[in-house]
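Chemist: In terms of this note's numbering, the sequence shown opens at residue 262 and continues consecutively.
Quick reminder that beta carbons are idealized off the backbone N, C-alpha and C, glycines included.
Please read through the structure below; I'll follow up with questions.
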Amino acid sequence: EAVEELAARAASEVALPPEYHVQYGGQFESGEAATRRITILSLFSIAAIFLIMFRTFRNFRISLLLMVNLPLALAGGVVAVLVIGGTVNVATLVGFITLFGIAVRNGILLVSRYRDLCGTGMPAADSIRRGSMERLAPILMTALTAGLALIPLALGIGEPGKEIQAPLAVVVLGGLLTSTFLNMVVVPALFLRFGRLETGPEVPDPTEIATVESPV
């Protein structure tokens with residue numbers, strides 16, 4: 262922000278000769294380059310997450326359903342960034358990447374259990390209800406453990422020496438808050454609507470059912 266204000270002031274007050282321009286370097290230039298690299302890596306990480314999900318489940322619909330966890334986490338992270346001043350930098354971008362991994366992991370816990378229960382022949386609604394209850398404790402424990410560890414770092418926002426750790430912690434905390442609770446609502450609903458169509462018990466083909474002739 263300080264550099265932007267300085268650039269605006271220089272543009273209005275300093276008259277440069279033709280073919281001359283002002284270039285800002287040093288730490289600002291390095292920070293901008295790092296932000297661009299992290300942004301590109303963030304996009305690659307999202308694509309990699311989807312490919313890993315597709316390779317694991319071999320189901321496009323399930324993989325796409327798991328990716329819904331990303332915007333759920335992103336919402337809380339964005340709000341957290343706005344609370345601390347709205348500045349997106351290397352620390353906040355790294356926080357988003359970390360957050361995406363945690364959010365998708367929670368979705369995998371739920372969907373994997375749903376599929377296992379549906380595979381036993383249990384009705385979809387019962388599978389979702391039972392699977393959600395069984396996976397609630399692990400998901401909450403993950404969020405609580407990470408949250409308690411990050412709170413001290415988040416409280417140091419604005420303090421010297423914590424320019425990297427504090428924004429990262431704030432982003433992860435905000436995303437954990439929204440993704441953990443919305444994950445337990447949105448993912449079951451979407452699985453009931455879309456995922457169960459791919460996970461129901463196999464129905465034998467009538468043409469493949471062997472018939473046994475009764476003895477005459």
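With distances taken from CA atoms, which of Asn330, Phe442, Ala427 is nearest Leu354?
Modeler: To locate residue 354, count along the sequence shown from 1; it is residue 93. Leu354 has its Cα closest to that of Ala427, out of Asn330, Phe442, Ala427.
Chemist: Does the distance from the CB of Gly347 to the CB of Gly435 come in under 8 Å?
Modeler: Locating residue 347 in the sequence shown gives position 86, counting from the first residue. Locating residue 435 in the sequence shown gives position 174, counting from the first residue. Cβ atoms of Gly347 and Gly435: not closer than 8 Å.
Chemist: Tell me whether the beta-carbon of Leu326 lies closer than 8 Å to the beta-carbon of Leu414.
Modeler: The residue given as residue 326 occupies position 65 in the sequence shown. The residue given as residue 414 occupies position 153 in the sequence shown. Not a contact, by the Cβ cut-off of 8 Å.
Chemist: Go ahead and pull the three-state DSSP assignment for Asn350.
Modeler: Translated into the one-based positions of the sequence shown, residue 350 becomes position 89. Residue state, collapsed to three classes: coil.
Chemist: From this set, Val365, Pro332, Ala410, Pro449, which residue's C-alpha is nearest Met314's C-alpha?
Modeler: Within the sequence shown, numbered from 1, the residue matching residue 314 stands at position 53. Ranking the options by Cα distance to Met314, first place goes to Val365.
Chemist: Look at the Cβ atom of Val342, then the Cβ atom of Val349, and state whether they are nearer than 8 Å.
Modeler: As a working note, residue 342 is residue 81 in the sequence shown. As a working note, residue 349 is residue 88 in the sequence shown. Yes, the Cβ-Cβ distance between Val342 and Val349 is below 8 Å.
Chemist: Judging by CA-CA distance, which residue of Asp387, Pro399, Leu371, Val431 is the nearest neighbour of Val446?
Modeler: For the purposes of this step, residue 446 is identified with residue 185 of the sequence shown, where counting begins at 1. Residue Leu371 is the option with its Cα nearest to Val446.
Chemist: If you check the beta carbons only, do Arg391 and Leu401 fall under 8 Å apart?
Modeler: Taking the first residue of the sequence shown as position 1, residue 391 is located at position 130. Taking the first residue of the sequence shown as position 1, residue 401 is located at position 140. With contacts defined by Cβ atoms closer than 8 Å, Arg391 and Leu401 do not form a contacting pair.
Chemist: With a 10 Å radius around its C-beta and 16 neighbouring C-beta atoms as the bar for buried, classify Ala309 as buried or exposed.
Modeler: To locate residue 309, count along the sequence shown from 1; it is residue 48. Looking at its Cβ environment, which holds fewer than 16 other Cβ atoms inside 10 Å, Ala309 is exposed.
Chemist: Which residue's Cα is closest to the Cα of Gly362: Ser303, Leu453, Pro449, Met383?
Modeler: Residue mapping note: residue 362 aligns to position 101 of the sequence shown, counting from 1. Cα-wise, what sits closest to Gly362 is Ser303.
Chemist: If you reduce the DSSP assignment to three classes, tell me which class Leu370 lands in.
Modeler: Sequence index remark: in the sequence shown, residue 370 carries index 109 (1-based). Helix, per DSSP.
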